[in-house]
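If you use our numbering, the sequence shown corresponds to residues 1131 to 1436, in order. Just so you know, even glycine gets a beta-carbon here, dropped at the ideal spot from N, CA and C. Worksheet for the structure shown next.
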Amino acid sequence: MRGESEERAGVVTQVERKVSRALDTIRDEAVQELETFIKEVSQKLILTYAGPYSSPARYASLVLSSLTAVNSDWMHPQDLMYYTAPYDEGHEAGVIIFASDAGLNTLAMLIEQLVWTGHKVMIVTQHELPDIISFRIPENTAIVNLNTDDWLLTTHVLIARAIAEFGEPKGIRLERLGREASNVRPVIKDLLEEYADTLNHVREFVRTPTIVTASPTMWGAAEAIAYSNHARAGRYLVEPEAVPQVSIFTGKVLIISTDVEEYSLKQIKSLPLTTSVKVQEVRLHTDPLTAPIYGIILVRALEYMR
1131 MRGESEERAG
1141 VVTQVERKVS
1151 RALDTIRDEA
1161 VQELETFIKE
1171 VSQKLILTYA
1181 GPYSSPARYA
1191 SLVLSSLTAV
1201 NSDWMHPQDL
1211 MYYTAPYDEG
1221 HEAGVIIFAS
1231 DAGLNTLAML
1241 IEQLVWTGHK
1251 VMIVTQHELP
1261 DIISFRIPEN
1271 TAIVNLNTDD
1281 WLLTTHVLIA
1291 RAIAEFGEPK
1301 GIRLERLGRE
1311 ASNVRPVIKD
1321 LLEEYADTLN
1331 HVREFVRTPT
1341 IVTASPTMWG
1351 AAEAIAYSNH
1361 ARAGRYLVEP
1371 EAVPQVSIFT
1381 GKVLIISTDV
1391 EEYSLKQIKS
1401 LPLTTSVKVQ
1411 EVRLHTDPLT
1421 APIYGIILVR
1431 ALEYMR
């Protein structure tokens, strides 16, 4: 019992350190730059991404659609490059690209296309861009370099803070979003204690190959666990609608959701009733617009658990 308590305390300490390092990279200036860009292009805004992580673009679009009047949508980069950007002449949307380190090739293609089609662009980068990419970018392009090793947590907090600052009028949910995104550190210990049993179940569940999926707001947490460098067995990120067709290949599905969204995954949760597929659920009991931040922190804790 004592050993278990000491292990939990050690996990809390490590997570607090990791989260603090990530949060320290979010400069107030970065929040203001993102907020300002959204204001300037609020008539029409497209969120996209370069690299394997689509969740920052998805999350930004969900928060904007839920809490503001901004006309926004998220797109896969290929859809934007080949089917949207070349054909919206005369009413070009503003575009925010969330570019992680693994997405530099896609970023180069996006820049080339969007500059040619006259779109106003902001690039949010994980680290400073290499010269071979930066020389392609016009001088008037807004670039926010987060210089972070925890791309998912940093971008989600940045987005929440910037949109909370932007949104008018300040409703209850918008104020709560900004308040919680600005005060993540104090809740880490209580968060990990509340979901300790759930984390133990998930740790055992993913020891063998597992399909991972999530509700719309929790896609960032799904990416965090599916793409974790600490995975000892295959984890396969699958869109919810495709899970019933591919679940037979692993026989196991991990779903991540919130109380509000639980029915969006009802078809997946009922798989054990008609198949031999096992389902493990992680459900967060909080506002779905702040839940992904906490979900990503829980995944970080999972990475430190033996």
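Where residue i falls, given that 16 or more other Cβ within 10 Å makes a residue buried
i            : result
residue 1301 : exposed
residue 1249 : buried
residue 1296 : buried
residue 1310 : buried
residue 1350 : buried
residue 1320 : exposed
residue 1217 : exposed
residue 1191 : buried
residue 1403 : exposed
residue 1181 : buried
residue 1189 : buried
residue 1213 : exposed
residue 1199 : exposed
Where residue i sits in the DSSP three-state scheme
i            : result
residue 1275 : strand
residue 1340 : strand
residue 1434 : helix
residue 1369 : coil
residue 1411 : strand
residue 1205 : coil
residue 1183 : coil
residue 1156 : coil
residue 1178 : strand
residue 1248 : coil
residue 1235 : helix
residue 1215 : helix
residue 1320 : helix
residue 1426 : helix
residue 1144 : helix
residue 1437 : Absent from the structure is residue 1437, since the part of the chain shown begins at 1131 and ends at 1436.
residue 1188 : helix
N- and C-terminal bounds of the alpha helix (DSSP H) containing residue i
i            : result
residue 1298 : Run containing residue 1298: none; DSSP gives neither H nor E here.
residue 1326 : 1326-1335
residue 1255 : Note, residue 1255: premise wrong, no alpha helix (DSSP H); beta strand (DSSP E) at 1251-1255.
residue 1124 : The shown model of the chain, from 1131 to 1436, leaves out residue 1124, and the question about it has no answer.
residue 1404 : 1401-1404
Terminal residues of the beta strand (DSSP E) in which residue i lies
i            : result
residue 1350 : Careful: residue 1350 lies outside any beta strand (DSSP E), inside the alpha helix (DSSP H) at 1349-1356.
residue 1228 : 1224-1229
residue 1387 : 1382-1388
Nearest neighbour of residue i, chosen from the options [CA to CA]
i            : options                : result
residue 1277 : 1257, 1142, 1262, 1264 : 1257
residue 1166 : 1180, 1289, 1280       : 1289
residue 1233 : 1213, 1254, 1245       : 1254
residue 1422 : 1391, 1403, 1206       : 1391
residue 1282 : 1414, 1394, 1294, 1153 : 1153
residue 1269 : 1337, 1169, 1376, 1252 : 1252
residue 1413 : 1180, 1190, 1399       : 1399
residue 1244 : 1236, 1262, 1230, 1215 : 1215
residue 1230 : 1185, 1211, 1262, 1266 : 1185
residue 1241 : 1137, 1213, 1271, 1223 : 1271
residue 1267 : 1332, 1415, 1202, 1239 : 1239
residue 1405 : 1376, 1425, 1411       : 1376
residue 1247 : 1235, 1172, 1224       : 1224
residue 1208 : 1137, 1227, 1175       : 1227
residue 1357 : 1280, 1424, 1304, 1393 : 1280
residue 1204 : 1197, 1176, 1193, 1183 : 1176
residue 1431 : 1145, 1137, 1135, 1136 : 1145
residue 1169 : 1202, 1179, 1178       : 1202
Cα-Cα separation, residue i to residue j
i            : j            : result
residue 1160 : residue 1388 : 29 Å
residue 1286 : residue 1260 : 24 Å
residue 1365 : residue 1150 : 27 Å
residue 1355 : residue 1373 : 17 Å
residue 1380 : residue 1346 : 23 Å
residue 1343 : residue 1352 : 6 Å
residue 1382 : residue 1369 : 15 Å
residue 1363 : residue 1335 : 11 Å
residue 1262 : residue 1163 : 24 Å
residue 1409 : residue 1318 : 27 Å
residue 1139 : residue 1307 : 28 Å
residue 1273 : residue 1384 : 36 Å
residue 1428 : residue 1326 : 9 Å
residue 1291 : residue 1298 : 14 Å
residue 1330 : residue 1338 : 15 Å
residue 1206 : residue 1341 : 22 Å
residue 1197 : residue 1293 : 9 Å
residue 1211 : residue 1417 : 34 Å
residue 1407 : residue 1332 : 16 Å
residue 1157 : residue 1194 : 21 Å
Cβ-heavy atom distance, residue i to the ligand MN, below 7 Å
i            : result
residue 1368 : This structure lacks the ligand MN; in fact it carries no ligand of any kind.
Short CB-CB distance (under 8 Å) between residue i and chain B
i            : result
residue 1434 : Given the protein chain composition of this structure (a single chain), no chain B is represented.
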